[in-house]
Amino acid sequence: TGYSESRYQELVELDKKHFLHPTSSIKQQQEKGPALIFTEGKGIYVKDIKGKSYLDGFSSLWNVNVGYGRTELGQAAMDQMEKLAFSSCFSTFSHEPAILLSAKIAELAPESLNTVFFTSGGSESNDTAFKLVRYYWMLKGQPEKKKIISRRRSYHGVAMGSTSATGLAAFRTFTNSPLPDFFQVDNFSIEALLELIETEGPDTIAAFISEPIQGTGGVILPPDNYFTQVREICDKHNILFIADEVITGFGRTGKNFGIEHFGVTPDIICFAKGVTSAYIPLGGLIISEQIHSDLKELSNGIFFHGYTYSGHPTSCAVGLKNLEIIEQENLVENARMMGEELLRGFQWLQKEHAIVGEVRGIGLMGAIELYKDKTTNERFESPIAPGLAAELLNNGLICRGVTYEGSDMLAFAPPLVINQEEIAKIIEIIDKVLLNFE
Ligand code: PLP
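Taking the UniProt record's numbering, the leading residue of the sequence shown gets 9, the next gets one more, and so forth.
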């Protein structure tokens, strides 16, 4: 691998000493150091420093959608860096990659969403959306419309606003209370949503935010008609509907955007991850023509919001090339077909293994629920997903063990370039590990 044992040990020690990992157990990290140090990747496989290969069944963080080692993306970054490494888009300045990428995204987005604001990631996108909707209602003469409603089990990121909107309590409350003006309702409960709107008053509510398919919460699909009802309620009460498509955007679910599965159009779409397949950080929002034209008409001053890297030319150039790859290689359709294959594999595992209960998925997002007794939905006394995920890792498969809020499941999100044999490999490894477990 080109790494000696002593170099490995040196990296472990430096990691323990200097590197505070995101979303990590600081104590465990301090005691044990990194479990794996990855060094390279090709297609859907990554290798660690010891030369062991892993099938990345999670696209790292749901985001390496075109797979690893795509030299075209490196080339696009290099070409742009050589030509114009950086140029601000503040105020009236612009540049070609940001212009072309915003046009491309508008083309892919639902028909009435045509204007793009760029950020560096998902959390920034959601925080921008929260500020934008508040600004919007201020301009419309309703400054008291500033509350944000989200759902339990949702994940919207870790900036102050997006943390406060996040429904997974572990994220929202671990530092201190979330910001005021953020409210959560029970997942998929239309009654709870109506009740909250009634209690708080529709004239105080700016927007409702929701992932089309909950990702971090455990690949949870909404019931039929849920979003149709949400859209109707939002329209009735002048509440803007923000779709958080950070995971589901750009093909992961087998459509360009996840919300397209449910036949409704949001007012704002937030995106990140898949727009560059993680080769470089980039996120953003797509806003409706209605909002954009109202803003143009009503706003006299300046929209005092913009990140230094809003529309970074290199990120935009990589984004453009990435979307071109997705189109040329038909990856949205591949995600749909391979998603069906993955789900068939999960259904087979369900027949074969006593502990595999509900299985679900849409496109290349999937999950397997684990039960001690699936006939009675009895869970294991302590969750087994983390141990199973570790065992799968030992067997060369990366996935995520999800255990918060009573769940005990494995979640999968392989790269969109995956093929049938590689899906079969995922199922084979799970089968083998479960056989040993039982
Ligand atoms: N929204 C959703 C639905 C996400 O899944 C994530 C990250 O996983 C975020 C927002 C936050 O994005 P980022 O980590 O890029 O800030």
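Positions of the beta carbon are idealized from the N, C-alpha and C atoms, including for glycine. Model, not experiment: these values are computed from the prediction.
### Message
Using DSSP's beta-bridge definition, name the partner residues of lysine 155.
### Response
Within the sequence shown, residue 155 is the residue found at index 147, counting from 1. The partner list for lysine 155 (beta bridge, DSSP) reads Ile213.
### As assigned by DSSP and simplified to three states, the class of arginine 15
As a first step, residue 15 must be located in the sequence shown, where it is residue number 7. Helix.
### Message
Rounding to the nearest angstrom, what Cα-Cα distance links valine 441 and glycine 369 in this structure?
### Response
One-based indexing of the sequence shown puts residue 441 at position 433. One-based indexing of the sequence shown puts residue 369 at position 361. Going by the C-alpha atoms only, they are around 21 Å apart.
### Task
Report the partner residues of serine 296 according to the DSSP bridge assignment.
As a first step, residue 296 must be located in the sequence shown, where it is residue number 288. Bridge partners of serine 296: Leu121.
### Query
Is DSSP giving leucine 187 helix, strand or coil here?
Start at 1 with the first residue of the sequence shown, and residue 187 comes out as number 179. Leucine 187 falls in the coil class under three-state DSSP.
### Query
DSSP puts glutamine 192 in a beta bridge; with which residues?
Start at 1 with the first residue of the sequence shown, and residue 192 comes out as number 184. Bridge partners of glutamine 192: Ser158.
### Message
Looking at the secondary structure, which residues open and close the alpha helix (DSSP H) in which arginine 260 lies?
### Response
The sequence position of residue 260 within the sequence shown is 252, counting from 1. Looking at the DSSP string, arginine 260 is not in any alpha helix (DSSP H), and its letter there is neither H nor E.
### Message
Tell me whether histidine 300, by its Cβ, gets closer than 6 Å to a heavy atom of the ligand PLP.
### Response
Locating residue 300 in the sequence shown gives position 292, counting from the first residue. No, Cβ of histidine 300 sits at least 6 Å from all heavy atoms of the ligand PLP.
#### Entry: Helix, strand or coil at glycine 409 according to DSSP, with G and I counted as helix
In the sequence shown, the residue the question calls residue 409 occupies position 401. Strand at glycine 409.
### Selection from Leu109, Ala177, Leu443 that minimises the alpha carbon distance to lysine 329
For this step, residue 329 is matched to residue 321 along the sequence shown. Lysine 329 has its Cα closest to that of Leu109, out of Leu109, Ala177, Leu443.
### Task
Could you check which residue in Ala114, Gln358, Asn342, Pro394 has the C-alpha nearest to that of glutamine 428?
Translated into the one-based positions of the sequence shown, residue 428 becomes position 420. Nearest of Ala114, Gln358, Asn342, Pro394 to glutamine 428, Cα basis: Asn342.
### Query
Between which two residues does the alpha helix (DSSP H) harbouring serine 131 extend?
Numbered from 1 along the sequence shown, position 123 holds the residue referred to as residue 131. Residues 130-147.
### Query
In its own chain, which residues sit with a C-beta less than 6 Å from the C-beta of arginine 160, not counting the 5 before and 5 after it?
Taking the first residue of the sequence shown as 1, we reach residue 160 at position 152. Around arginine 160: Gly175, Gln192, Asp194, Asn195.
### Query
Does the Cβ of arginine 239 have 16 or more other Cβ atoms within 10 Å, making it buried, or fewer, making it exposed?
Sequence index remark: in the sequence shown, residue 239 carries index 231 (1-based). Result: buried.
### Task
Report back the beta-carbon spacing between lysine 155 and glutamate 208 to the nearest angstrom; my notes put them in contact at under 8 Å.
Along the sequence shown, read from residue 1 onward, the residue named residue 155 stands at position 147. Along the sequence shown, read from residue 1 onward, the residue named residue 208 stands at position 200. That pair is a contact at about 6 Å.
### Query
Can you tell me whether DSSP reads alanine 106 as helix, strand or coil?
Here the question's residue 106 lines up with position 98 in the sequence shown. Note: alanine 106 maps to helix in three-state DSSP.
### Task
Note the first and the last residue of the continuous alpha helix (DSSP H) segment covering lysine 40.
Along the sequence shown, read from residue 1 onward, the residue named residue 40 stands at position 32. From DSSP, the alpha helix (DSSP H) with lysine 40 extends over 34-40.
### Query
Roughly how many whole angstroms lie between the Cα atoms of glutamate 90 and alanine 106?
Counting from one through the sequence shown, the residue named residue 90 turns up at place 82. Counting from one through the sequence shown, the residue named residue 106 turns up at place 98. Rounded to the nearest angstrom, the two C-alpha atoms are 16 Å apart.
### Task
Kindly confirm or deny that the region 213-222 and the region 61-75 touch, where touching means at least three C-beta pairs closer than 8 Å.
no
### Query
Under 7 Å between the Cβ atoms of glycine 259 and leucine 116?
In the sequence shown, the residue the question calls residue 259 occupies position 251. In the sequence shown, the residue the question calls residue 116 occupies position 108. Contact flag unset, no.
### Task
Report the three-state DSSP secondary structure of arginine 344 (helix, strand or coil).
Sequence index remark: in the sequence shown, residue 344 carries index 336 (1-based). Arginine 344: helix per DSSP, three-state reduction.
### Query
For aspartate 135, is the classification buried or exposed, using 16 other Cβ atoms within 10 angstroms of its Cβ as the cut-off for buried?
The count along the sequence shown starts at 1 and reaches residue 135 at position 127. Its Cβ being crowded by 16 or more others within 10 Å, aspartate 135 is buried.
### Message
In this structure, how does DSSP classify glutamate 366 when only helix, strand and coil are distinguished?
### Response
Residue numbering aside, residue 366 sits at position 358 when the sequence shown is read from its first letter. Of the three classes helix, strand and coil, the one that applies to glutamate 366 here is strand, per DSSP.
### Query
Which term fits lysine 153, buried or exposed, when burial requires 16 or more other beta carbons within 10 angstroms of its beta carbon?
Here residue 153 is taken as the residue at index 145 of the sequence shown, counted from 1. Result: buried.
### Message
I'd like the list of long-range same chain contacts for aspartate 23, defined as Cβ closer than 7 Å, with 5 residues on each side in sequence excluded.
### Response
Here residue 23 is taken as the residue at index 15 of the sequence shown, counted from 1. The answer, listed in chain order, is Gly41, Pro42.
### Task
Would you decide whether lysine 263 is buried or exposed? Buried here means 16 or more other CB atoms lie within 10 Å of its CB.
Numbered from 1 along the sequence shown, position 255 holds the residue referred to as residue 263. The residue in question, lysine 263, is buried, as its Cβ has 16 or more Cβ neighbours within 10 Å.
### Message
Checking the sheet assignment: what are the DSSP bridge partners for valine 283?
### Response
Taking the first residue of the sequence shown as 1, we reach residue 283 at position 275. In the DSSP output, where bridge partners are listed per residue, valine 283 has none listed.
### Query
So the beta strand (DSSP E) glutamate 377 belongs to, where does it begin and stop?
Looking up residue 377 in the sequence shown gives position 369. 373-378 is the span of the beta strand (DSSP E), which, as asked, contains glutamate 377.
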